[in-house]
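Chains as they are written, first to last, in this note's numbering: chain A, 1 to 123; chain B, 124 to 590. C-beta: ideal position from N, C-alpha, C; glycine also. The structure presented is a predicted model; accordingly, all values stated were derived computationally and were not measured. These notes concern the structure reproduced below.
Okay, structure coming up:
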């Protein structure tokens with residue numbers, strides 16, 4: 001799975017990594033139980049501080065996407081809790097995206113198709 | 124002449140390898156064209172024709188340069204004075220390698236300009252990382268480097284024991300002490316330097332060329348395998364040379380045999396370098412069709428040769444000019460390394476110049492206030508005449524031998540602690556263009572001293588004996 005980091009983005013690097021790992025788990029690129037690189041290896045590979053990667057892993061762990069232990073490092077969780085609820089933060093983000101799409105003249109149908117594609121993992 | 128032949132064996136293949144690698148005839152097959160990433164947009168008819176012109180022109184310039192280099196090397200070998208010849212060699216090699224890169228650097232600027240003309244925007248600041256390959260792609264087994272270096276270290280240890288007289292081997296035809304130790308020590312040093320370099324190359328950041336992890340992993344493993352194989356081969360070449368050299372000393376101390384042996388060694392090293400280049404190109408060609416991620420960081424490569432990217436925290440990156448790795452000059456440690464390297468290079472050149480000027484300055488031996496003073500730019504020895512015992516005039520006849528332990532030894536000037544005709548720890552101040560020297564003992568040490576001419580040596584000897 002390839003992670004793309006934009007140095008000039010407003011989104012912090014730890015969040016960019018976190019978002020893409022979540023997308024990788026969702027799309028199936030990262031499978032349940034799959035080993036993730038160590039904090040040091042990933043930091044060296046991207047060329048960032050180990051603290052940044054550590055922060056990402058801690059966040060993913062708290063959110064229940066991965067598990068970490070000293071012996072096995074970080075792995076994607078075998079069973080990710082399916083709450084069936086969208087968080088308030090994500091709702092606000094979705095509202096912003098829908099609003100911007102409406103202002104830009106994107107039709108409801110096109111937007112729904114895009115959501116369907118993302119949801120089914122076709123894109 | 125030994126050094127000239129070795130330098131030729133190094134320089135000619137190096138220049139040829141650099142020429143075929145850096146100045147390609149078929150740019151379409153390369154990942155980089157003069158340090159600029161080869162892209163799909165370059166295959167459009169008009170752009171392609173423009174690039175072909177740049178490549179053809181640059182190749183012709185490089186070819187003309189390489190022919191000139193060969194002619195100059197031939198001319199250098201005709202210089203009779205060894206000191207001047209060696210100094211010119213040192214400066215020539217550095218200047219030649221820099222000048223040989225100029226057509227490449229000029230074309231790098233032209234390629235960047237062409238990119239701007241066709242509207243390719245830089246995507247600097249974007250990096251790709253393959254999560255599955257991070258920290259997991261290696262091709263080097265450290266033990267493969269340890270074994271040949273252990274053999275070299277063993278030879279070095281035996282050499283030291285032999286030279287210090289702790290062990291003795293019957294039949295060893297060792298001409299001058301420390302010859303074997305200095306040779307095995309030098310090769311051991313080279314072998315040990317190869318270990319961290321090999322590890323560094325094996326841990327170099329993985330390149331992301333495709334959205335598929337399997338392709339990225341295979342590509343990077345193949346690249347690292349080529350480097351690992353070369354370092355292992357060079358380590359074994361080192362070990363084999365040292366063992367053969369040690370064995371050879373039991374039969375002959377002929378310089379010709381050493382020249383042949385060293386030349387064969389260098390040919391093997393150069394062949395491994397050529398193999399590395401050939402395989403690297405084959406890998407690039409094989410994976411070109413599978414490349415679907417193009418990162419445009421060409422602008423971070425100054426002249427296509429020097430990587431300066433303060434936003435990139437990586438210290439070592441794969442080179443775009445030549446083979447191997449280079450440092451990120453924008454990295455804090457990279458800045459330090461750059462400054463230290465520049466200081467080292469300038470110091471080395473200045474030191475070479477100083478040594479040459481020393482070799483060409485006249486030597487002077489005088490007696491002032493009952494003290495023998497040996498001067499050549501600096502005062503090397505000041506020995507009270509009353510301390511001098513058993514002075515005698517000796518001739519530098521056929522078979523006269525000098526072997527350096529510590530000191531300056533550039534023909535015809537030799538100053539320092541040397542082995543003279545097999546006698547170790549002699550303090551010498553000799554001009555070997557003369558035919559005689561004064562040998563004496565003072566304060567428990569043996570001195571061998573000559574003036575600028577036989578007449579000066581004789582006058583000093585007369586003064587010493589009369590006082």
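Chain A within 8 Å of residue i, Cβ atoms only
{"i": "residue 459 of chain B", "result": "no"}
{"i": "residue 329 of chain B", "result": "yes"}
{"i": "residue 255 of chain B", "result": "yes"}
{"i": "residue 434 of chain B", "result": "yes"}
{"i": "residue 414 of chain B", "result": "no"}
{"i": "residue 148 of chain B", "result": "no"}
{"i": "residue 170 of chain B", "result": "no"}
{"i": "residue 397 of chain B", "result": "no"}
{"i": "residue 299 of chain B", "result": "Residue placement at residue 299 of chain B is flagged as unreliable, the pLDDT there being 49, under the threshold of 50; the coordinate-derived value follows with that caveat. So, not an interface residue."}
{"i": "residue 259 of chain B", "result": "yes"}
{"i": "residue 252 of chain B", "result": "yes"}
{"i": "residue 437 of chain B", "result": "yes"}
{"i": "residue 336 of chain B", "result": "yes"}
{"i": "residue 249 of chain B", "result": "yes"}
Range of the contiguous alpha helix (DSSP H) that encloses residue i
{"i": "residue 286 of chain B", "result": "265-286"}
{"i": "residue 200 of chain B", "result": "168-200"}
{"i": "residue 337 of chain B", "result": "336-371"}
{"i": "residue 119 of chain A", "result": "108-120"}
{"i": "residue 54 of chain A", "result": "50-62"}
{"i": "residue 90 of chain A", "result": "88-103"}
{"i": "residue 71 of chain B", "result": "Because chain B here runs from 124 to 590, residue 71 of chain B falls outside it and cannot be looked at."}
{"i": "residue 20 of chain A", "result": "13-27"}
{"i": "residue 137 of chain B", "result": "125-145"}
{"i": "residue 558 of chain B", "result": "That residue, residue 558 of chain B, is in no alpha helix (DSSP H); it is neither H nor E in DSSP."}
{"i": "residue 510 of chain B", "result": "Where residue 510 of chain B is concerned, there is no enclosing alpha helix (DSSP H), given that its DSSP letter is neither H nor E."}
{"i": "residue 410 of chain B", "result": "378-411"}
{"i": "residue 569 of chain B", "result": "Not the alpha helix (DSSP H): residue 569 of chain B falls in the beta strand (DSSP E), residues 568-572."}
Supposed contact pair residue j and residue i - C-beta distance, whole angstroms, cut 8 Å
{"i": "residue 450 of chain B", "j": "residue 439 of chain B", "result": "6 Å"}
{"i": "residue 479 of chain B", "j": "residue 210 of chain B", "result": "4 Å"}
{"i": "residue 268 of chain B", "j": "residue 318 of chain B", "result": "5 Å"}
{"i": "residue 541 of chain B", "j": "residue 526 of chain B", "result": "6 Å"}
{"i": "residue 386 of chain B", "j": "residue 129 of chain B", "result": "7 Å"}
{"i": "residue 384 of chain B", "j": "residue 393 of chain B", "result": "With a Cβ gap of about 15 Å, residue 384 of chain B and residue 393 of chain B do not count as contacting."}
Neighbour flag for residue i against chain B, beta carbons, 8 Å
{"i": "residue 14 of chain A", "result": "no"}
{"i": "residue 41 of chain A", "result": "yes"}
{"i": "residue 5 of chain A", "result": "yes"}
{"i": "residue 44 of chain A", "result": "yes"}
{"i": "residue 73 of chain A", "result": "no"}
{"i": "residue 121 of chain A", "result": "no"}
{"i": "residue 66 of chain A", "result": "no"}
{"i": "residue 47 of chain A", "result": "yes"}
{"i": "residue 22 of chain A", "result": "no"}
{"i": "residue 2 of chain A", "result": "yes"}
{"i": "residue 56 of chain A", "result": "no"}
{"i": "residue 36 of chain A", "result": "yes"}
{"i": "residue 118 of chain A", "result": "no"}
{"i": "residue 77 of chain A", "result": "no"}
Residue i CB to nearest heavy atom of the ligand ADP below 7 Å
{"i": "residue 111 of chain A", "result": "In the structure on display, the ligand ADP does not appear, and there are no ligands present to speak of."}
Delimiting residues of the beta strand (DSSP E) encompassing residue i
{"i": "residue 226 of chain B", "result": "Taken as a continuous stretch (DSSP letters only), residue 226 of chain B belongs to no beta strand (DSSP E), being part of the alpha helix (DSSP H) at 205-240."}
{"i": "residue 435 of chain B", "result": "It is not in any beta strand (DSSP E) - residue 435 of chain B carries neither H nor E in the DSSP assignment."}
{"i": "residue 495 of chain B", "result": "494-499"}
{"i": "residue 75 of chain A", "result": "73-76"}
{"i": "residue 458 of chain B", "result": "Not the beta strand (DSSP E): residue 458 of chain B falls in the alpha helix (DSSP H), residues 455-483."}
{"i": "residue 305 of chain B", "result": "Counting along the chain, residue 305 of chain B falls outside any beta strand (DSSP E), though it belongs to the alpha helix (DSSP H) covering 302-325."}
Query raised in the report: Would the region 276-292 of chain B and the region 337-354 of chain B be scored as touching if the rule is three or more Cβ pairs under 8 Å?
Result: Taking a contact to require three or more Cβ pairs closer than 8 Å, the region 276-292 of chain B and the region 337-354 of chain B do not qualify as touching.
Query - Segment contact, 8 Å Cβ cut-off, at least three pairs: the region 326-345 of chain B with the region 407-420 of chain B - result: Touching, yes, given that three or more Cβ pairs across the two stretches are closer than 8 Å.
Query raised in the report: Counting pairs of beta carbons, one from the region 137-151 of chain B and one from the region 188-195 of chain B, are three or more of them closer than 8 Å?
Result: Three or more beta-carbon pairs drawn from the region 137-151 of chain B and the region 188-195 of chain B are found closer than 8 Å, and the two stretches are therefore classed as touching.
Query raised in the report: On the three-pair Cβ rule with 8 Å, is the region 268-279 of chain B touching the region 304-324 of chain B?
Result: Cβ pair count under 8 Å is three or more, so yes.
Query raised in the report: Between the region 179-190 of chain B and the region 236-251 of chain B, are three or more C-beta pairs nearer than 8 Å?
Result: The region 179-190 of chain B vs the region 236-251 of chain B: no contact.
Query raised in the report: Along the chain, which unbroken stretches of the alpha helix (DSSP H) at least 4 residues long are found entirely within the region 518-555 of chain B?
Result: Runs of the alpha helix (DSSP H) inside the region 518-555 of chain B: none found.
Report task. May I ask you to verify whether the region 471-491 of chain B touches the region 35-44 of chain A, counting CB pairs closer than 8 Å and requiring at least 3? Result -> By the Cβ test, the region 471-491 of chain B is not in contact with the region 35-44 of chain A, since fewer than three Cβ pairs between them sit closer than 8 Å.
Report task. Flag this pair as touching only if the region 569-589 of chain B and the region 481-498 of chain B have three or more C-beta atom pairs under 8 Å; answer yes or no. Result -> Taking one beta carbon from each stretch, the region 569-589 of chain B and the region 481-498 of chain B have 3 or more pairs nearer than 8 Å; the two touch.
Query raised in the report: Between the region 377-384 of chain B and the region 111-119 of chain A, do at least 3 Cβ pairs fall closer than 8 Å?
Result: Too few Cβ pairs lie closer than 8 Å, so no.
Query raised in the report: Given 8 Å as the limit, is there contact between the region 252-269 of chain B and the region 454-464 of chain B, that is, 3 or more CB pairs closer than that?
Result: Counting Cβ pairs under 8 Å, fewer than three are found: no touch.
Requested in this report: Pair every Cβ in the region 63-77 of chain A with every Cβ in the region 32-40 of chain A, then say whether three or more of these pairs are closer than 8 Å.
Outcome: Yes, the region 63-77 of chain A is in contact with the region 32-40 of chain A.
Query - At least 3 beta-carbon pairs within less than 8 Å: the region 106-114 of chain A vs the region 172-182 of chain B - result: Under the three-pair Cβ rule at 8 Å, the region 106-114 of chain A does not count as touching the region 172-182 of chain B.
Query - Stretch pair the region 515-525 of chain B + the region 492-507 of chain B: three plus CB contacts closer than 8 Å - result: No: the two stretches stay apart, fewer than three of their Cβ pairs being nearer than 8 Å.
Query raised in the report: Do three or more CB pairs link the region 249-257 of chain B to the region 319-339 of chain B at distances below 8 Å?
Result: Below 8 Å, enough C-beta pairs join the region 249-257 of chain B and the region 319-339 of chain B to call them touching: three or more.
Report task. Inspect the CB distances between the region 214-227 of chain B and the region 141-153 of chain B and report whether three or more fall short of 8 Å. Result -> Touching, per the Cβ criterion.
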